[in-house]
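Residues 28 to 530 in the working numbering are what the sequence shown lists, from first letter to last. C-beta atoms are modelled at their ideal positions from N, C-alpha and C, and glycine is treated no differently. Treat the numbers as computed from the prediction; the structure is a model and nothing was measured.
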Amino acid sequence: MGEPSVIIVGGGSLPDEAAAPAGLPRVATVKQLLEVSGRTPPGCVLIDVPDAEAARDLCRRLSEESHLGETAVVLVADPPDVPDLAASLADLPADDIVFRPIGLESALATAALAAERRRASRTLSPSAALLPQRVLNDILDGTPVAMFVIDVDHRVTYWNRACEELTGVRRRDVMGRRIDGGIFYEGRPHPLLAEIVVDGDFDALHRLYNGKGVTVCTHIRGAYEATDDLVMRGRRRTVSFLAAVIRNADGEVTGAIETLQDISEQRQAEMRLSQYQQRLRMLASELSLVERRERRELAAALHDGVGQSLFAVKAKAALMQDLGLDGRQGELLRQMLEQIDHTIQDARTLTVELCPPLLYEVGLAAALKWLTEQFGKRTGIAAAFVGEGVRDHLDDDCRAALFHSARELLINVERHARAGRVDVTVDSRDGTLYVGVRDDGCGLNPSSARHESHDAAAGFGLFSIRERLVALGGLVQIDSRPGGGTLVMLAMPDHASPAGEGR
């Protein structure tokens, strides 16, 4: 693809001595332009006049010439004459604008891009034609994301309004000039990400942005992103920036674009959330310690108080039985002794459930196996356990939370599920310990289960179980549908366990 023909209109700042060797004609008027171009319109016209009004007049006159309808127009202007790029392009039929001081080579590169856009738009259907540059500028200028564009010489070719607001630097003060990293780094020289990307200097990329989270962007090819703490307009900000090269239709790098987003509030919110989560974990740990202590005290009270009293009552009832009571009195005494035996057994079971020695001496799997067996014996519901021998490396808080959550789920099955079978499973994989409780009962609506928290008959309730485990870094998943049973899966990071260790 050859270079587009270019004609310079006006006698402004672009040097004649460079134009002649390049074979670029320079004319003073539109009439002369038409005479020089003949029947073959140029690919681009560079309007290079010192007076802003004259430039505007030339742009309008060019747009009125049907012979030049496919010719791109690039305006060379002084920044003071055009303080607002978007506003200037909005009322000018120009494809692009460059600011003095600018060399002929850079001006011609811009002209080539403008001509290429025009040429590409002719090959597309009207609905897919490329937007005029001024429309694109208007769109980009209205975005809240700060962005700027540089060419291969690191000169700024675009600087949107959001970038002005973020940095406090007007576009008229940077357009056409080499980008100054000091704008973002308190006056200290510092290569910007866009400069490094346009140069392809990846050694500098990792050297200068090491520790700033520089990564390859996953959704934009050839782009890089990083985060840094910058001081702009007297305020320290956490800024996320992304830079990518710009290529022409031939795949040649013509510049780079960089976007900047102030994420200070987001970062502060993340820090507050992290502090809240840390505090929540501390409170959960403290609560777990209190609960374990209270369970042990209650278990001791049941064993030493209620248990001993029941044994005393049983002993006295046995003495009464030795008196040889018969008839109705003897039968009542026999029933009373049976009831005392059942109560003693229930007290023993409750004592162990409150503070199971197996849980702390052997492990979670052994304790859950015992719990499942006791549940089946007590309720008559078919209960099976899978996971014997699975080892855990949980601390006492997490181990107790999983055990008592499983116990609460079994109580809910007994009271609410109308189930004929329940399965309890324990599995360890990929550094996570899983405890599942599945029943074949009436099921429930998962959306209502997520909000269950006030059912006194359900004890903790699913809501309380979830909150307790989440505070300790765990998860709760519910799979249920009305009439289809329920599976509640509890998951807890088994941090000390090598990934994949199980049996």
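Just the C-alpha distance for residue i and residue j, rounded to the nearest angstrom, thanks.
| i | j | result |
| --- | --- | --- |
| A433 | E297 | 33 Å |
| L269 | E252 | 4 Å |
| F487 | L359 | Below a pLDDT of 50, predicted positions are generally treated as unreliable, and F487, at 46, falls in that range; the measurement from the model is reported next regardless. Whole-angstrom Cα-Cα distance: 39 Å. |
| Q348 | R508 | 54 Å |
| L85 | E213 | 42 Å |
| Y185 | G65 | 34 Å |
| G447 | E441 | 10 Å |
| H369 | N439 | 22 Å |
| A171 | H233 | Position check: residue 171 holds Pro in this sequence, whereas Ala was assumed. Approximately 29 Å between the Cα atoms of the pair. |
| G261 | I273 | 32 Å |
| V462 | G227 | 52 Å |
| A498 | A411 | 29 Å |
| L95 | A134 | 20 Å |
| G240 | T254 | 6 Å |
| L386 | R264 | 50 Å |
| T378 | I505 | 29 Å |
| G390 | D423 | 10 Å |
| A427 | A327 | 18 Å |
| L576 | D467 | Limits of the chain in this structure are 28 at one end and 530 at the other, which puts residue 576 out of reach. |
| L352 | G334 | 26 Å |
| D331 | A345 | 21 Å |
| I371 | S301 | 48 Å |
| D230 | N237 | 10 Å |
| P68 | M259 | 47 Å |
| G195 | V201 | 12 Å |
| E388 | C425 | 15 Å |
| S491 | R197 | 56 Å |
| R465 | L436 | 9 Å |
| Q304 | D373 | 39 Å |
| Q295 | E313 | 27 Å |
Leaving out five residues before and five after residue i in sequence, what residues of the same chain have Cβ atoms less than 6 Å from its Cβ?
| i | result |
| --- | --- |
| R188 | D168 |
| H181 | R205, I206 and E222 |
| S152 | Only weak support is given to the placement of S152: the predicted model assigns it a pLDDT of 46, under 50, and the value that follows is read from those uncertain coordinates. Cβ within range, chain order: n/a, list empty. |
Could you tell me which residues DSSP pairs with residue i in its beta bridges?
| i | result |
| --- | --- |
| Q504 | M516 |
| S455 | L460 |
| G282 | D178 and I273 |
| E252 | T242 and L269 |
| C190 | Its beta-bridge partners do not exist; DSSP assigns none. |
| C425 | Answer is none; C425 lacks a bridge partner. |
| Q366 | In DSSP, Q366 forms no bridge with anything. |
| I35 | R53 and L73 |
| Q288 | S267 |
| F412 | V451 |
| V258 | Y212 and R263 |
Which residues in the same chain as residue i place their Cβ atom closer than 7 Å to its Cβ, once the five residues preceding and following it in sequence are excluded?
| i | result |
| --- | --- |
| L502 | L496 and A518 |
| G510 | C469 and G470 |
| G208 | P216, H217, P218 and L219 |
| L325 | L381 |
| E415 | A392 and K396 |
| A271 | V224, I247, G249, A250, A283 and I284 |
| V54 | I34, V36, L60 and V63 |
| G529 | Interpretation of G529 is limited by its pLDDT of 44, a score under 50 that renders its predicted location unreliable; the figure taken from the coordinates is listed afterwards. Result list for G529: V417, D454, S455 and R456, in chain order. |
| V179 | V225, V280, T281 and G282 |
| A409 | G403, G447 and R448 |
Candidates the options: which alpha carbon is nearest residue i's?
| i | options | result |
| --- | --- | --- |
| M174 | L329, D289 and L386 | D289 |
| A136 | K343, Q335, V100 and L89 | V100 |
| L193 | I177, P52 and F211 | F211 |
| R87 | T56, A410, V63 and V225 | T56 |
| P520 | A231, A82, G403 and H420 | H420 |
| C71 | E92, L140, G130 and S133 | L140 |
| M363 | L377, R375 and K343 | K343 |
| R493 | H431, A411, V389 and K239 | H431 |
| K341 | G351, L329 and R361 | R361 |
| V103 | E91, I129, L437 and L89 | I129 |
| L460 | G278, L489 and G500 | G500 |
| V536 | D75, T98, S291 and A81 | This structure leaves residue 536 out entirely; the chain is present only between 28 and 530. |
| V413 | Q305, R405 and E400 | E400 |
| R146 | T98, E321, E191 and I177 | T98 |
| A394 | L429, R127 and A374 | L429 |
| L131 | R144, G203 and L89 | G203 |
| A121 | E143, S90 and T406 | S90 |
| E365 | F338, P383, R320 and P52 | F338 |
| E92 | H443, R83, K58 and R299 | K58 |
Counting only beta-carbon separations shorter than 9 Å, does residue i have a partner in chain B?
| i | result |
| --- | --- |
| D207 | Of the protein chains in the structure, only one exists, and it is not chain B. |
Report all residues from its chain with a CB closer than 8 Å to the CB of residue i; omit the five preceding and five following residues, and keep chain order.
| i | result |
| --- | --- |
| D256 | R263, R264, T265 and V266 |
| R445 | G468 and C469 |
| L398 | E380, P383, F430, A433, R434, L437 and V451 |
| N275 | A139, L140, E143 and T281 |
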